[in-house]
Amino acid sequence: MEPRQPVPPFTRETALPKVQAAEDAWNTRDPERVAGAYTVDTAWRNRDEHLHGREEVIAFLTRKWERELDYRLRKNLWAFTDDRIAVRFQYEWRDADGQWWRAYGNELWEFDELGYMRRREASINDAPIDESDLRVTPGDGDLPTW
Numbered sequence: 151m152e153p154r155q156p157v158p159p160f161t162r163e164t165a166l167p168k169v170q171a172a173e174d175a176w177n178t179r180d181p182e183r184v185a186g187a188y189t190v191d192t193a194w195r196n197r198d199e200h201l202h203g204r205e206e207v208i209a210f211l212t213r214k215w216e217r218e219l220d221y222r223l224r225k226n227l228w229a230f231t232d233d234r235i236a237v238r239f240q241y242e243w244r245d246a247d248g249q250w251w252r253a254y255g256n257e258l259w260e261f262d263e264l265g266y267m268r269r270r271e272a273s274i275n276d277a278p279i280d281e282s283d284l285r286v287t288p289g290d291g292d293l294p295t296w
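Residues 151 to 296 (this note's numbering) make up the sequence shown, in order.
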């Protein structure tokens, strides 16, 4: 596999574009594109669900975006080490009944030497919101405070 730049060890200057690339990919809502950033044998914990490998990630993301309509996400770098990055994020979506939701969360990422994510742990909480309260704009600076 070709390296997925930037690769570890991370600095602030290389961690920031890694986070932005993840945000950009997730906002496409394309499960195959998103899964391409992970190792073939990636391990995930997403809320209470545990996934192993790209195929499970693709299936999970397909289900997610069938349910989470008009999804839009913003991620911010929280911290980093040589091969790990921590982010905080917010995303908004609506369900099939038209109820809007905002999800607040944190992710812990671990990368292999080629820059693919081998481990992702996500803790996420959802809150119902009114459409008039939408505020998440991909790529638009720091996350708003709650």
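Note that beta-carbon positions come from the ideal geometry of N, C-alpha and C, so glycine has one too. For clarity, every value in this text was computed on a predicted model and none was experimentally measured.
Alpha-carbon to alpha-carbon, residue j and residue i
i, j, result
"glutamate 99", "aspartate 280", "Nothing about residue 99 can be read from this structure; the chain reaches only from 151 to 296."
"asparagine 226", "aspartate 292", "6 Å"
"alanine 193", "leucine 211", "14 Å"
"serine 282", "aspartate 174", "24 Å"
"isoleucine 274", "asparagine 196", "8 Å"
"aspartate 262", "phenylalanine 230", "14 Å"
"arginine 244", "lysine 214", "12 Å"
"arginine 162", "glutamate 199", "30 Å"
"aspartate 233", "leucine 201", "21 Å"
"glutamate 260", "phenylalanine 160", "11 Å"
Contacting residues, own chain, Cβ-Cβ under 6 Å from residue i (five flanking each side not counted)
i, result
"proline 153", "Leu264, Gly265"
"aspartate 191", "Gly203"
Within 8 Å, strictly: CB atoms of residue i and residue j
i, j, result
"glutamine 240", "proline 278", "no"
"asparagine 177", "proline 294", "no"
"leucine 284", "glutamate 257", "no"
"isoleucine 208", "alanine 172", "no"
Exposed unless 16 or more other CB atoms sit within 10 angstroms - verdict on residue i
i, result
"leucine 219", "exposed"
"proline 158", "buried"
"methionine 267", "buried"
"alanine 187", "buried"
"alanine 253", "buried"
Same chain, Cβ closer than 8 Å to residue i, neighbours up to 5 away in sequence not counted
i, result
"valine 169", "Lys225, Asn226, Leu227, Ile235, Val237"
"alanine 155", "Per the sequence shown, the amino acid found at residue 155 is glutamine instead of alanine. Excluding residues within five positions, the ones whose Cβ falls inside 8 Å are Gly265."
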